[in-house]
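Student: Just dropping this structure here.
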Amino acid sequence: MDPLQFAYHHNRSTDDAIAHLLHTKLTHLDEGRGNYVKMLFVDYSSAFNTINPSLLTTKLGDLGLHTSLCDWISNFLTDRPQSVRVGNCASSTLTLSTGAPQGCVLSPLLYSLYTYDCTATSSSTIIVKFADDTVVMGLISDSDERAYLEEIKYLENWCQENNLLLNVSKTKELIVDCSKKQEQHYQPVRISGITVERVDSFRYLGVHISQDLSWSRHTSSLAKKARQRLYHLRRLRDFRLPSKVLRNFYTCTIESILTGNITVWFGNSTKQDRQALQRVVRSAECITHTELPDLQTIYYKQCQTKARRIVKDPTHPNNRLFSLLRSGRRFRSLKTKTERLKRSFFPQAIRALNQGN
Numbered sequence: 002m003d004p005l006q007f008a009y010h011h012n013r014s015t016d017d018a019i020a021h022l023l024h025t026k027l028t029h030l031d032e033g034r035g036n037y038v039k040m041l042f043v044d045y046s047s048a049f050n051t052i053n054p055s056l057l058t059t060k061l062g063d064l065g066l067h068t069s070l071c072d073w074i075s076n077f078l079t080d081r082p083q084s085v086r087v088g089n090c091a092s093s094t095l096t097l098s099t100g101a102p103q104g105c106v107l108s109p110l111l112y113s114l115y116t117y118d119c120t121a122t123s124s125s126t127i128i129v130k131f132a133d134d135t136v137v138m139g140l141i142s143d144s145d146e147r148a149y150l151e152e153i154k155y156l157e158n159w160c161q162e163n164n165l166l167l168n169v170s171k172t173k174e175l176i177v178d179c180s181k182k183q184e185q186h187y188q189p190v191r192i193s194g195i196t197v198e199r200v201d202s203f204r205y206l207g208v209h210i211s212q213d214l215s216w217s218r219h220t221s222s223l224a225k226k227a228r229q230r231l232y233h234l235r236r237l238r239d240f241r242l243p244s245k246v247l248r249n250f251y252t253c254t255i256e257s258i259l260t261g262n263i264t265v266w267f268g269n270s271t272k273q274d275r276q277a278l279q280r281v282v283r284s285a286e287c288i289t290h291t292e293l294p295d296l297q298t299i300y301y302k303q304c305q306t307k308a309r310r311i312v313k314d315p316t317h318p319n320n321r322l323f324s325l326l327r328s329g330r331r332f333r334s335l336k337t338k339t340e341r342l343k344r345s346f347f348p349q350a351i352r353a354l355n356q357g358n
């Protein structure tokens with residue numbers, strides 16, 4: 002399977018995909034003053050419904066699966082009867098021989114295997130996938146965008162060959178450029194003759210990624226959503242439920258919001274952003290009459306936990322970032338020029354591991 006496919010893979014999650022994207026982006030920006038990054042957030046039209054069973058079985062054979070298993074999967078996907086039932090009314094039955102059944106446990110894995118060969122063709126581009134959420138990222142130096150544009154053209158051709166349809170209207174491009182040039186003319190991206198819309202922020206896997214590298218939009222969204230949940234916590238308190246029950250409700254419905262993917266964004270959030278989130282925690286403490294863990298502590302512990310899992314997994318694409326010093330007890334710190342890279346997940350995780358040793 003593609004190592005940059007982070008879904009349906011042991012010891013991988015959304016924060017792994019985001020952390021890999023952010024580290025690659027920040028490292029490139031750190032390497033040269035004129036460097037910038039272009040990110041294309043790709044949207045497919047009914048990705049799971051367009052899988053071609055014949056192409057899939059060919060790819061599974063190339064991956065080394067036994068012929069009998071490939072034939073079984075092909076039989077599973079072809080000539081499938083389907084109808085729609087609403088109450089006592091049912092539509093006529095259609096026979097389908099494309100796509101994978103919705104809600105089937107096997108379908109996401111089959112899609113990941115179907116797209117395993119959709120990988121970057123240049124050292125200055127990467128393609129990161131989480132299921133069908135795909136990002137093409139171009140690492141631009143000296144304003145040379147040819148490799149990035151060629152990668153997008155390759156993706157477009159690959160989709161045509163593999164029966165996948167790009168939804169250009171929902172595909173967006175985001176540019177991160179910290180060079181502060183007065184005038185910079187970026188080449189537009191066109192897919193099927195349509196110019197892709199350029200945005201200043203995009204919500205990817207639940208996290209708002211902004212072109213100015215700030216996390217204020219994301220933390221504001223989290224704080225607003227968490228404050229809305231406080232209403233339900235107050236209602237439960239009014240019913241005189243035990244503090245333990247209130248705390249469990251807080252952990253499941255409020256803390257889970259505040260700490261979602263926290264390892265990738267908390268380190269570079271501003272003091273004001275953190276204070277706004279911590280105020281929600283303090284409000285919950287007043288309601289539950291219990292002491293709750295602060296976000297800084299949760300962030301630190303999750304960084305350590307995530308880092309230890311990566312260190313123990315040699316197949317993880319970011320395992321190489323964790324190299325032991327000669328002493329064998331501490332990890333080598335990553336070289337950083339800017340504060341934004343220094344405060345990002347991987348440098349912070351290495352410091353957390355070293356402090357814990």
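Heads up: the sequence shown begins at 2 in this note's numbering, then just goes up one per residue. Cβ coordinates follow ideal geometry from the N, Cα and C atoms, glycine included.
#1: Within 10 angstroms of its Cβ, does Ile-195 collect 16 or more other Cβ (buried), or is it exposed?
#2: Measuring only the C-alpha atoms, how far is Leu-111 from His-11?
#3: Which ranges would you report for the beta strand (DSSP E) in the stretch 140 to 174 if only whole runs of at least 3 residues count?
#4: Would a C-beta distance cut-off of 8 Å place Gln-6 and Tyr-155 closer than the cut-off?
#5: Going by DSSP, what residue range makes up the beta strand (DSSP E) through Leu-78?
#6: What would DSSP say about Leu-97, mapped onto helix, strand or coil?
#7: Does the pairing of the stretch 23 to 41 with the stretch 331 to 348 give three or more beta-carbon distances under 8 Å?
#8: Which partner residues does Val-137 have in the DSSP bridge list?
#9: Report the residue ranges of all beta strand (DSSP E) runs contained in full by the stretch 183 to 244; include only those spanning at least 3 residues, in chain order.
#10: How about Thr-15 and Asn-262: are their beta carbons less than 8 Å apart?
#11: Can you tell me which of Glu-157, Lys-307 and Arg-280 puts its alpha carbon nearest to the alpha carbon of Leu-167?
#12: Suppose contacts are defined by Cβ-Cβ distances below 8 Å. Is Thr-254 in contact with Arg-230 by that definition?
#13: For Trp-216, which residues from the same chain have a beta carbon less than 7 Å from its beta carbon, with the 5 sequence-adjacent residues on both sides left out?
#14: Tell me Gln-83's beta-bridge partners as DSSP assigns them.
#15: Can you round the beta-carbon distance between Arg-218 and Ile-288 to whole angstroms, since I take them to be within the 8 Å contact cut?
#16: Applying the criterion that 16 or more other CB atoms from any shown protein chain within 10 Å of the CB defines a buried residue, is Tyr-232 buried or exposed?
#17: By the 10 Å Cβ neighbour count, where 16 or more other Cβ atoms means buried, how is Ser-334 classified, buried or exposed?
#18: In the stretch 272 to 315, which residue ranges form an unbroken alpha helix (DSSP H) of at least 4 residues, counting only runs that do not cross its ends?
#19: For the alpha helix (DSSP H) containing Arg-352, name the first residue and the last one.
#20: Cα-Cα, which of Pro-318, Thr-94, Lys-307 and Ser-221 is closest to Ala-353?
#21: Ignore the nearest five residues each way along the sequence and tell me which others in Asp-17's own chain have a CB closer than 6 Å to its CB.
#22: How about Lys-226 and Ile-258: are their beta carbons less than 8 Å apart?
#23: Under the rule that 16 or more other beta-carbon atoms within 10 Å means buried, what is Ala-91, buried or exposed?
#24: What's the call for Thr-58, buried or exposed, on a 16-neighbour Cβ count within 10 Å?
#25: Along the alpha helix (DSSP H) that carries Leu-335, what are the first and last residues, could you check?
#26: Quick one: is Gly-139 buried, meaning 16 or more other Cβ sit within 10 Å of its Cβ, or exposed?
#27: In angstroms, rounded to a whole number, what distance separates the CA positions of Val-374 and Ser-345?
#28: Pair every Cβ in the stretch 312 to 331 with every Cβ in the stretch 19 to 26, then say whether three or more of these pairs are closer than 8 Å.
#29: Would you kindly check if the distance between the Cβ of Pro-102 and the Cβ of Ser-108 is under 8 Å?
Tutor: The short version:
#1: Looking up residue 195 in the sequence shown gives position 194. Answer is exposed; the Cβ neighbour count stays below 16.
#2: Taking the first residue of the sequence shown as position 1, residue 111 is located at position 110. Taking the first residue of the sequence shown as position 1, residue 11 is located at position 10. Here the alpha carbon of Leu-111 sits roughly 16 Å from the alpha carbon of His-11.
#3: The stretch 140 to 174 contains no whole beta strand (DSSP E) run of 3 or more residues.
#4: Stepping through the sequence shown from its first residue, residue 6 is reached at position 5. Stepping through the sequence shown from its first residue, residue 155 is reached at position 154. Note that the C-beta distance between Gln-6 and Tyr-155 is not below 8 Å.
#5: For this step, residue 78 is matched to residue 77 along the sequence shown. Not the beta strand (DSSP E): Leu-78 falls in the alpha helix (DSSP H), residues 68 to 78.
#6: Within the sequence shown, residue 97 is the residue found at index 96, counting from 1. Three-state DSSP puts Leu-97 in a strand.
#7: Touching, yes, given that three or more Cβ pairs across the two stretches are closer than 8 Å.
#8: Along the sequence shown, read from residue 1 onward, the residue named residue 137 stands at position 136. Answer by DSSP bridge pairing, in chain order: Leu-41 and Ile-128.
#9: Runs found: 198 to 200, 202 to 205 and 208 to 211.
#10: What you label residue 15 is simply residue 14 of the sequence shown in a count that begins at 1. What you label residue 262 is simply residue 261 of the sequence shown in a count that begins at 1. In this structure, Asn-262 lies closer than 8 Å to Thr-15 by Cβ.
#11: In the sequence shown, residue 167 corresponds to position 166, counting from 1. Among Glu-157, Lys-307 and Arg-280, the Cα nearest to that of Leu-167 is on Glu-157.
#12: Walking along the sequence shown from the start, residue 254 turns up at place 253. Walking along the sequence shown from the start, residue 230 turns up at place 229. Yes.
#13: Translated into the one-based positions of the sequence shown, residue 216 becomes position 215. Counting only Cβ-Cβ distances below 7 Å, and skipping sequence neighbours, we find Trp-266, Asn-269, Ser-270 and Asp-274.
#14: Taking the first residue of the sequence shown as 1, we reach residue 83 at position 82. BP columns for Gln-83 point to Leu-95.
#15: Counting from one through the sequence shown, the residue named residue 218 turns up at place 217. Counting from one through the sequence shown, the residue named residue 288 turns up at place 287. Separation of the CB atoms of Arg-218 and Ile-288 is rounded to 27 Å, and the pair is thereby denied contact status at 8 Å.
#16: Walking along the sequence shown from the start, residue 232 turns up at place 231. Flag for Tyr-232 reads exposed.
#17: For the purposes of this step, residue 334 is taken as the residue at position 333 of the sequence shown. Sixteen is the threshold: since fewer than 16 other Cβ atoms of the shown chains lie within 10 Å of the Cβ of Ser-334, the residue is exposed.
#18: You should have 272 to 289 and 296 to 312.
#19: Counting from one through the sequence shown, the residue named residue 352 turns up at place 351. First-last of the alpha helix (DSSP H) with Arg-352: 346 to 357.
#20: Numbered from 1 along the sequence shown, position 352 holds the residue referred to as residue 353. Lys-307 is the residue among Pro-318, Thr-94, Lys-307 and Ser-221 whose C-alpha sits nearest the C-alpha of Ala-353.
#21: One-based indexing of the sequence shown puts residue 17 at position 16. Result list for Asp-17: Phe-7, in chain order.
#22: For the purposes of this step, residue 226 is taken as residue 225 along the sequence shown, with counting starting at 1. For the purposes of this step, residue 258 is taken as residue 257 along the sequence shown, with counting starting at 1. With a cutoff of 8 Å on beta-carbon distance, Lys-226 and Ile-258 are scored as near each other.
#23: Working through the sequence shown from its first residue, we reach residue 91 at position 90. That one is exposed.
#24: As a first step, residue 58 must be located in the sequence shown, where it is residue number 57. Buried: at least 16 other Cβ atoms inside 10 Å.
#25: Start at 1 with the first residue of the sequence shown, and residue 335 comes out as number 334. Leu-335 -> no alpha helix (DSSP H), and no H or E assigned at all.
#26: Position 138 of the sequence shown, counting from 1, holds the residue named residue 139. Its Cβ being crowded by 16 or more others within 10 Å, Gly-139 is buried.
#27: Because the chain is modelled from 2 through 358, residue 374 falls outside the range shown and cannot be assessed.
#28: Verdict: yes, contact present.
#29: Translated into the one-based positions of the sequence shown, residue 108 becomes position 107. Translated into the one-based positions of the sequence shown, residue 102 becomes position 101. Yes.
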